[in-house]
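Here's the structure we're looking at; comments come further down.
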């Protein structure tokens with residue numbers, strides 16, 4: 022980029038106007054985040070000042086009309102379902118990236134990559150619809166009611182799988198070629214090269230991809246809402262119905278008023294904070310490490 | 146990607162084990178997705194026809210088509226893009242042409258945009274409801290929904306435009322300077338045209354993200370499934386329609402599948418245009434530098 026202030030052309034009058042217009046747009050884009058934060062805080066302020074943040078964790082349950090605002094069961098359900106989804110999707114995604122990078126012939130790898138990219142584009146309502154009409158009845162045959170933690174984690178894992186597969190694939194492709202040559206020169210087997218050389222070298226970026234996928238799982242609303250059953254409780258088994266924070270917002274915003282509405286904004290703030298923390302961690306993990 | 150041929154393949158038990166794991170994982174993924182896509186194609190085509198696309202829904206969406214819903218979806222997307230595109234391109238132009246690499250302004254703006262890109266869509270919905278619907282008094286309307294989506298796609302547009310601008314070689318900027326072009330002229334005649342494929346690809350990605358969105362629209366553009374007569378009317382987007390038919394209408398599954406097939410086909414089309422543009426852009430860049 023060339024941006025020296027002494028450059029002759031910068032003195033042109035039109036350029037000054039253009040510079041200001043562009044600057045104003047950039048300010049607008051930056052201000053948007055502040056605006057969103059301000060409105061979230063403004064809407065949750067009444068309930069934050071009147072009952073305080075701790076009661077959202079310590080209250081016995083979620084009965085907003087009786088002034089009980091315990092978000093803990095939903096917070097727990099959100100974390101559990103996202104963790105399970107990552108535990109299912111991560112091994113599959115990493116294996117799928119190994120398939121793409123080392124095992125499949127070039128043409129097949131390309132076709133497989135476009136398949137994964139295609140899956141990343143399927144909207145979450147479509148996954149929800151499929152989950153509700155196919156997966157839930159299937160689980161319900163073994164263990165009614167079917168709409169459950171298991172159904173939600175399976176659907177979520179399908180949704181985040183492309184993210185993990187694509188980021189791992191990209192992470193593997195950035196491992197220097199010399200590592201591979203070194204491994205070959207040492208006479209390592211294919212299995213040892215992949216497991217002992219390539220994956221450890223790419224582990225920071227792979228980890229960052231998994232964290233980003235987890236952040237996406239935490240923030241996902243529709244698919245989980247449609248298959249999880251939405252009973253407010255700590256799920257104690259895989260077949261229990263449960264309700265996540267996001268599903269709670271989507272279900273209750275339509276009719277919530279007063280403190281109830283404000284408490285939904287508090288859960289929105291809480292969710293944003295968790296997602297931000299994960300994204301920051303992912304950013305530091307991928308940025309803080311240089312190969313070789 | 147670099148060619149990564151591993152020549153030495155011995156048939157040790159560990160190597161076989163790894164191959165077994167990798168092949169079965171791949172098989173599981175392909176099977177799961179064939180199942181899903183197959184279901185959408187089989188159930189979706191039962192109802193899909195020309196009249197499905199051109200008639201209004203009746204009986205709460207159980208029968209009839211999706212014409213007004215397609216119109217609402219299109220209007221919402223149009224507003225989102227009309228608002229987000231100029232701001233996005235201008236912000237990207239400012240960041241890559243008027244600020245220094247590693248400078249403070251660029252760092253702060255980039256950071257805030259990265260954070261914005263990570264905000265969950267339901268939170269955009271809460272914000273849109275509080276700000277556009279209530280504070281600005283726009284109510285549940287196509288306008289509120291479109292503006293909420295504009296906020297969501299803005300970071301995508303900025304990021305792709307910036308990537309496009311930053312891959313224009315610096316010689317072109319020096320050349321423009323040497324010819325005595327103003328920075329404005331260099332931007333509009335040289336830099337932005339060179340970055341057009343990247344901007345178009347970003348636009349397609351943004352439209353794709355906006356078209357798939359449900360959570361941000363439920364409380365901003367609303368549920369009304371009549372043909373909208375103005376932008377102040379509430380209008381139901383295609384994704385919201387699928388959600389409503391699945392969750393709130395018993396016996397709406399058939400039309401939900403048909404609508405989902407329409408939405409998925411639309412998204413695949415949009416995504417493949419984006420990929421084509423990105424690829425063409427990639428090859429252009431190689432010949433340019």
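Residue numbers (the numbering used here), protein chains in the order written: chain A, 22 to 313; chain B, 146 to 434.
Glycine is no exception: its CB is placed at the ideal position from the N, C-alpha and C atoms.
Q. For residue 274 of chain A, which of helix, strand or coil comes out of DSSP?
A. coil
Q.
Using a 10 Å radius around the Cβ and a threshold of 16 neighbouring Cβ atoms, would you call residue 117 of chain A buried or exposed?
A. Around the beta carbon of residue 117 of chain A, a 10 Å sphere encloses 16 or more other beta carbons of the protein chains shown; the residue is thus reported as buried.
**Q.** Selection of the stretch 225-251 of chain A by Cβ proximity to chain B, strictly under 9 Å
**A.** 233, 236, 237, 239, 240, 241, 242, 243, 246 and 247
Q) What residues in the stretch 254-286 of chain B have a beta carbon less than 8 Å from any beta carbon of chain C? A) No chain C is part of this structure, whose protein chains are labelled A and B.
**Q.** Interface flag, residue 50 of chain A vs chain B, CB-CB below 8 Å
**A.** Cβ-Cβ to chain B under 8 Å: yes for residue 50 of chain A.
Q) So, residue 384 of chain B versus residue 359 of chain B, is the Cβ gap smaller than 8 Å? A) yes
Q) Quick one: does residue 146 of chain A have its CB under 8 Å from some CB of chain B? A) yes
Q: Rounded to whole angstroms, what's the CA-CA distance from residue 167 of chain B to residue 403 of chain B? Just pull it up for me.
A: 35 Å
Q: Could you tell me whether the stretch 339-359 of chain B touches the stretch 372-390 of chain B, where touching means 3 or more Cβ pairs closer than 8 Å?
A: yes
Q) Comparing the C-beta of residue 393 of chain B with each C-beta of chain A, is any distance below 8 Å? A) no
Q: Could you tell me whether the stretch 201-221 of chain A touches the stretch 100-113 of chain A, where touching means 3 or more Cβ pairs closer than 8 Å?
A: no
(Q) If you measure between the beta carbons of residue 185 of chain A and residue 171 of chain A, is that distance less than 8 Å? (A) no
Q: Would you verify that the beta carbon of residue 42 of chain A is, or is not, closer than 8 Å to some beta carbon of chain B?
A: yes
Q | Chain-ordered neighbours of residue 117 of chain B on chain A, where CB pairs are closer than 8 Å | A | Residue 117 of chain B is absent from the structure shown; chain B starts at 146 and stops at 434.
Q. How would you label residue 104 of chain B, buried or exposed, when you count the other beta carbons within 10 angstroms and need 16 or more for buried?
A. Because residue 104 of chain B is not part of the residues shown, which for chain B are 146 to 434, the question remains open.
(Q) So for residue 91 of chain A, helix, strand or coil by DSSP? (A) coil
(Q) Any beta carbon of chain A sitting closer than 8 Å to that of residue 355 of chain B? (A) no
Q: Measuring only between beta-carbons, confirm whether residue 280 of chain A sits less than 8 Å from chain B.
A: no
Q.
At the level of alpha carbons, what is the spacing between residue 158 of chain B and residue 145 of chain A?
A. 41 Å
(Q) Below 7 Å on C-beta distance, what does residue 221 of chain A contact in chain B? (A) What residue 221 of chain A touches in chain B: nothing, since even the nearest Cβ is about 15 Å away.
Q. DSSP beta-bridge partners for residue 209 of chain B?
A. Answer by DSSP bridge pairing, in chain order: B:202.
**Q.** Neighbourhood of residue 392 of chain B by C-beta, 7 Å cutoff - its chain only, sequence neighbours within 5 removed
**A.** none
Q. Residue 416 of chain B touches chain A at which residues, Cβ-Cβ below 9 Å?
A. 138, 139, 141 and 142
Q: Have a look at the DSSP bridge pairing and note the partners of residue 152 of chain A.
A: The partner list for residue 152 of chain A (beta bridge, DSSP) is empty, contrary to what the question assumes.
Q. If contact means a Cβ-Cβ distance below 7 Å, which residues of the stretch 64-83 of chain A contact chain B?
A. 64
Q. Among B:413, B:300 and B:315, which residue has its Cα nearest to the Cα of residue 229 of chain B?
A. B:300
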